[in-house]
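Our numbering numbers the first residue of the sequence shown as 1 and each following residue consecutively. Built from N, CA and C at the ideal position, the CB exists for glycine as well.
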Amino acid sequence: MKLGYLFSGQGKQFAGMGHDLYQQEPIYRQTIEEASQILGQDMSDSNIFDDPANTQVSIVTLSTGIYRILEHDLGKPVGGTGLSLGEYSGIIAANGLSFEDGLPLVRDRNHYMDLAGQHHPGKMAAVLKATKNVVDEACKVGSKQGPVYAANYNTDTQTVVGGSEAGLKAATEYLHEHGIKRVVPLKMTVASHTPFMQEASDLLKERLENVSFQETDFPIFSNTIVKPFTRLNVKRTLVAQLVNPTHFNQCLKELLNLNADVLIEIGPGDTLMKFAKTILCNADKFHVDSVETLNQVRSNKKLVK
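Printed below as a string of structure tokens:
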């Protein structure tokens with residue numbers, strides 16, 4: 001068995017997430033207590049854990065706690081990748097960044113993105129059943145009305161675009177005119193992974209100057225460069241990540257090239273599992289964000305001997 005881990009990004013967080021794990025799993029409880037000490041607030045309190053201002057640190061804390069349980073039960077993976085924020089969970093899991101340094105960094109990243117969004121508000125939409133070339137052309141046409149960019153290449157036929165309201169509207173019209181029926185607006189007030197996040201990127205660059213990274217214990221593939229993070233490239237890559245598109249689909253293929261035959265998504269929701277299902281591969285697929293889904297992994301005889 002060769003494990004590949006997928007670390008969830010934002011978007012599927014839910015009220016009360018992790019509370020059942022806190023009650024029943026000692027390793028997870030210890031992680032929450034550690035996070036509470038690091039952040040100076042009680043992360044076992046659902047009001048704090050579910051606060052939108054804490055979304056990014058809560059997801060990374062949840063993912064770290066689940067990873068520690070799975071590492072105890074299953075051992076280390078051959079590699080991993082995450083979607084945007086999930087890359088921080090992956091780097092922490094692979095010991096490229098300490099939990100103690102990582103959580104305050106993620107909290108500040110959340111703040112920087114909020115600031116950039118207030119100063120440069122944007123819209124985002126998911127384009128379904130369209131190739132990369134069609135989406136790129138739509139953004140080129142739409143940009144004549146206002147800036148709009150491809151932000152997330154999630155699968156070979158699903159891309160998220162983001163930018164100005166006028167640019168997004170023009171790009172959507174182009175897509176509809178070229179036979180793309182489903183362009184789904186997202187509940188976003190920021191255009192992540194586009195130049196609209198330049199202010200956040202600049203602030204993050206300055207913040208990272210005093211953060212120490214190590215080589216990871218196993219490869220974590222960056223959505224930005226589609227290569228593993230290293231101690232030498234990690235800072236500039238995380239800075240670039242905020243203003244450049246993600247390429248999760250290519251990172252997933254790189255992970256499969258390591259012969260991962262079991263994929264487990266760690267963190268809220270099963271979005272990355274759904275992306276993985278679009279690629280023809282023989283890997284078994286799971287996601288873990290609760291006691292129920294954790295027990296589904298534990299009950300699988302192939303995984304836990």
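In the structure shown, what three-state DSSP assignment does proline 228 receive?
On the sequence shown, residue 228 is found 228 positions in, with the first residue counted as 1. Note: proline 228 maps to strand in three-state DSSP.
Straight-line CA distance for glutamine 118 to valine 190?
Taking the first residue of the sequence shown as 1, we reach residue 118 at position 118. Taking the first residue of the sequence shown as 1, we reach residue 190 at position 190. Rounded to the nearest angstrom, the two C-alpha atoms are 8 angstroms apart.
Quick check for students: name the residue ranges of the beta strand (DSSP E) that lie wholly in the stretch 70 to 145, counting only runs of 3 or more.
79 to 82 and 123 to 128
At what residues does the alpha helix (DSSP H) containing valine 297 begin and finish?
As a first step, residue 297 is located in the sequence shown; it is residue number 297 there, counting from the start. Run containing valine 297: 291 to 298, per the alpha helix (DSSP H) assignment.
Determine the burial state of glutamine 24: buried for a count of at least 16 other Cβ atoms within 10 Å of its Cβ, exposed for fewer.
Within the sequence shown, the letter at position 24 stands for residue 24. By the neighbour-count rule (16 or more Cβ atoms within 10 Å), glutamine 24 is not buried but exposed.
Could you say which of Tyr67, Pro52, Leu115 and Gly82 lies nearest to glutamine 198 if we only look at CA atoms?
The sequence position of residue 198 within the sequence shown is 198, counting from 1. Selection Tyr67, Pro52, Leu115 and Gly82 evaluated against glutamine 198 yields Leu115 as nearest (Cα-Cα).
CA-CA distance, threonine 224 and threonine 157?
Working through the sequence shown from its first residue, we reach residue 224 at position 224. Working through the sequence shown from its first residue, we reach residue 157 at position 157. Roughly 18 angstroms separates the two Cα atoms.
Using only CA atoms, which one of Gly79, Lys169, Val211 and Lys227 lies nearest to aspartate 108?
To locate residue 108, count along the sequence shown from 1; it is residue 108. Cα-wise, what sits closest to aspartate 108 is Val211.
Exposed or buried, what is methionine 1 when buried is set at 16 or more other beta-carbons lying within 10 Å of its beta-carbon?
Locating residue 1 in the sequence shown gives position 1, counting from the first residue. Looking at its Cβ environment, which holds fewer than 16 other Cβ atoms inside 10 Å, methionine 1 is exposed.
If we count the other Cβ atoms within 10 Å of its Cβ and call it buried at 16 or more, is isoleucine 228 buried or exposed?
On the sequence shown, residue 228 is found 228 positions in, with the first residue counted as 1. The amino acid occupying residue 228 in the given sequence is proline; isoleucine does not appear at that position. It is buried - the Cβ of proline 228 has at least 16 other Cβ atoms within 10 Å.
Need the endpoints of the alpha helix (DSSP H) that glutamate 34 sits in, please.
Start at 1 with the first residue of the sequence shown, and residue 34 comes out as number 34. From DSSP, the alpha helix (DSSP H) with glutamate 34 extends over 26 to 39.
Using the three-state DSSP reduction, which class does glutamine 198 fall into: helix, strand or coil?
Position 198 of the sequence shown, counted from the first residue, corresponds to residue 198. Helix, per DSSP.
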